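Residue numbers (numbering that gives the first Met the number 0), protein chains in the order written: chain A, 0 to 350; chain B, 0 to 261. We put the beta carbon where it would ideally sit given N, CA and C, even for glycine. As the structure is a computational prediction, the values presented were derived from the model and not from experiment. Report on the structure given below.
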Amino acid sequence: MSLVVIGLSHHRSPVQTRERFAFPEAAIPGALEALCSAGRACEAVILSTCNRVEIYAASNLPEAGAAAELRKFLFDYHKCPEPAGGEIYARAGRQGLEHLFKVACGLDSMVLGETEILGQLKKAYQTALRHNHTGAVLNRAFQRAFNVAKHVRTQTHIQRGSVSVGSVAVELAEKLFSSLGEHPVMIIGAGDTGEKTARALFSRGARGIIVSNRSHERALELARELDGCAVRFEDWAEEFPRIDILISSTAAPHCILDRARLQPLMKARKNRPLLLIDIAVPRDIDPSVSFLENVYLYNIDDLQAIADDYLRQRREEIARCEAIIAEKAAAMMPPDAPANARLGNLDNASA
Amino acid sequence: MTVYGVSALYSLFLWRKGFRKHDHVNYALLLAGIALQTTAMLMRGLTLKQCPVHNLYEATTFVVWTIVAVYLVIGLWPRLRYLGAFAAPVIFCIGVFALMPGLDPPGAGRPPLAANALVSLHAALTLLSYGAFGLSSVAAVMYLTQEHDLRFHKLRAVFALMPPIDRLEKITSRLLWAGLALLTAGLGLIPFLLKGRTDYHPGSDPKVVWSALVWCLYLVLLVLHGRFAQTGRRFAWGAVAGFAFVVLTFWGVNLLSPSHKF
Chain A
0 MSLVVIGLSH HRSPVQTRER FAFPEAAIPG ALEALCSAGR ACEAVILSTC NRVEIYAASN
60 LPEAGAAAEL RKFLFDYHKC PEPAGGEIYA RAGRQGLEHL FKVACGLDSM VLGETEILGQ
120 LKKAYQTALR HNHTGAVLNR AFQRAFNVAK HVRTQTHIQR GSVSVGSVAV ELAEKLFSSL
180 GEHPVMIIGA GDTGEKTARA LFSRGARGII VSNRSHERAL ELARELDGCA VRFEDWAEEF
240 PRIDILISST AAPHCILDRA RLQPLMKARK NRPLLLIDIA VPRDIDPSVS FLENVYLYNI
300 DDLQAIADDY LRQRREEIAR CEAIIAEKAA AMMPPDAPAN ARLGNLDNAS A
Chain B
0 MTVYGVSALY SLFLWRKGFR KHDHVNYALL LAGIALQTTA MLMRGLTLKQ CPVHNLYEAT
60 TFVVWTIVAV YLVIGLWPRL RYLGAFAAPV IFCIGVFALM PGLDPPGAGR PPLAANALVS
120 LHAALTLLSY GAFGLSSVAA VMYLTQEHDL RFHKLRAVFA LMPPIDRLEK ITSRLLWAGL
180 ALLTAGLGLI PFLLKGRTDY HPGSDPKVVW SALVWCLYLV LLVLHGRFAQ TGRRFAWGAV
240 AGFAFVVLTF WGVNLLSPSH KF
């Protein structure tokens, strides 16, 4: 019995195609049943996320035939014609196994090295396991994939650092303050990036987040979600002495905080360290405030530069990760395995 | 001292690498160094039958021992282990100073005042306090480095496995308080040491005046920090300057003091 995987992902398929072939979570057990009961596969796992739709299967058929059956199932199930341009890929044997390992490690993800996919993969496997659609081949392959992901995470720097603006802001805050829960946060302007940054801080323990926005209703809504409080836009300075972290993302055409305004506020704060994250364009905070003692100002470009550098470091780790994956796949499926286990890339197999 | 030297060299390597890996090697080197130093101090103490803190060589090595010992305790917390990379060069420099000729004359180990346990206790407490001040200055240097990197957006500030600056400030402050308490205890023993002596006036001894000055200096620094919001860089520079003053004047003041001339 051999391992085959077919699917489509963000690498080759636009979202319009991916959404056509996506499996709603509730429909996956039924789809697995339809796939296995029709004899197209002996074992199957369906992974359906916003960035990929993949069917992992074990079949008694030769790889090319098994891949063709899976393709046919995919098109029949969704009642869609095959997309043009070779968007559907197929891997078998060791290449299929290596692909599974890469997906588990986040090497095939849109955000290189992200860990969310591992959770999604585990969930997909659990669904198939619960409905008795896995057996010796897929159980072994998936368990090994989870082990390889853990090994790669601990032995390389593929998941090191933050690659989004929000998480870089959190990391900076943690370089200044040992416990975010003890340092109040204020967010001025509840735009998309500001909200994401506030949520990232909240997820890392920041509490009592103060939200100020031109639309007070929006401020109230976000404050409720973040377990914080809202203040009217014109009153934010009154709350300023309490806070240690400020995230500013208003659409104001000019600076809302400059050195002359911040100086007395710093005195009122007893000169405690203050982290200012200015993610607005045009900038909300005059750069000259960084000359004040205990004031640390970062704008959107500073945060992006850090995120880019982390991403560059992650890219440098790809070769090491691939070497580990190749070694683990070879250990599980040696080159002298049956010929059909070594077939590999089946992209050109006909449906 | 060789092990401390290796540790100092390794620290330079860690600086160049930007403190990105956990600092187990330096911790192990300093642990090995203190094990050897403790053995040497014990052997010397057993030979002299007293705590080896009675000449400039012994006093200096005792300060080194204190700095390393306190670091090893603090370094049990992984994120504070990089303190060793900042401490090792200071430890090595002070250690090299202790090996200068003339600091350990033959027949040393005889206390200038009546040899008793109280003298050893007085010396040990004051030297422990200098050790605490020394390590606080090391934490302050670490604070200043990290603060500079954060202020000027150096990538090292984010990538380095260093503790947050508010924790470094807390460590500096707590070590200064510990040092001040030890110095207070050490100086508080002076009246007991002088009981029954009429030929000695502490007010005329430059070492006693200097010690009182050091005590006042650190008290002022801590009061300014705690009461008058002199935090952050100013406080860190105060801790560094305070210990620099102690190190640079310690030898000279001992030479001037009739009761502390070793």
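- At a Cβ-Cβ threshold of 9 Å, A131(B) and F61(B) do not count as neighbours.
- Boundaries of the alpha helix (DSSP H) harbouring Y142(B): 116-150, taken from the DSSP string.
- Distance from R143(A) to M331(A) at the Cβ level is roughly 6 Å; contact confirmed, criterion being Cβ atoms closer than 8 Å.
- Taking 9 Å as the CB threshold, P272(A) lines the interface with chain B.
- Under the three-state reduction of DSSP, M40(B) is assigned to helix.
- Within chain B, the C-beta atoms nearer than 9 Å to that of L171(A) come from L149, A156, V157, in chain order.
- For the set L34(A), V147(A), I27(A), L200(A), the Cα lying nearest the Cα of R129(A) is the one of I27(A).
- For A228(B), the neighbours in chain A by C-beta distance under 7 Å run, in chain order, K269, N270.
- 9 Å or more divides the Cβ of L2(A) from the Cβ of L60(A).
- Within chain A, E292, N293 have C-beta atoms less than 9 Å from the C-beta of R232(B), given in sequence order.
- Closer than 9 Å to the CB of Q49(B) there is not a single CB belonging to chain A.
- Cα atoms of A21(A) and L75(B): separation of roughly 50 Å, rounded to the nearest angstrom.
- Nearest CB-CB separation between P163(B) and chain A: below the 9 Å threshold.
- Residue-level contact by beta carbon fails for H23(B) and chain A, as no gap is shorter than 9 Å.
- In the displayed model, L179(B) falls within a helix according to three-state DSSP.
- Each residue's CA atom was taken as its position, placing M42(B) and M99(B) some 21 Å apart.
- For L2(A), the three-state secondary structure derived from DSSP is strand.
- According to DSSP, residue pairing for I246(A) in a beta bridge involves I186(A), I276(A).
- One alpha carbon belongs to F239(A), the other to M185(A), and they sit about 8 Å apart.
- Sequence-distant Cβ neighbours of D285(A) in its own chain, meaning closer than 8 Å and more than five residues away, are C254, L256, D257, R258.
- Within 10 angstroms of the beta-carbon of Y3(B) lie 16 or more other beta-carbons, which makes it buried.
- A Cβ-Cβ separation of about 5 Å places R241(A) in contact with P183(A) under the 8 Å criterion.
- Judged by their CB atoms, V213(B) and G241(B) are nearer to each other than the 9 Å cut-off.
- Taking the CA atoms as reference points, R223(A) sits about 36 Å from R152(A).
- Counting the other Cβ atoms within 10 Å of the Cβ of F191(B) gives fewer than 16, which makes it exposed.
- Residues of the stretch 119-137 of chain B with a C-beta atom less than 8 Å from some C-beta of chain A do not occur.
- According to the DSSP assignment, V5(B) belongs to the alpha helix (DSSP H) that extends over 1-16.
- Less than 9 Å separates the beta-carbon of G207(A) from that of G227(A).
- Excluding residues up to 5 positions away in sequence, I186, I246, S248, I278 lie with their Cβ nearer than 7 Å to the Cβ of G193(A) in the same chain.
- DSSP lists L274(A) as the beta-bridge partner residues of Y295(A).
- Around the Cβ of K16(B), a 10 Å sphere holds fewer than 16 other Cβ atoms; the residue is exposed.
- Spanning the alpha carbons of I66(B) and A267(A) requires a straight line of approximately 37 Å.
- In this model, A306(A) and A180(B) are separated by some 45 Å (Cα to Cα).
- Excluding five sequence positions before and after W250(B), the CB atoms of its chain that fall closer than 7 Å to its own CB belong to L55, given in chain order.
- Among the residues facing chain A, Q145(B) is included, as its CB has a counterpart in that chain under 9 Å away.
- Less than 9 Å divides the Cβ of R203(A) from the Cβ of A172(A).
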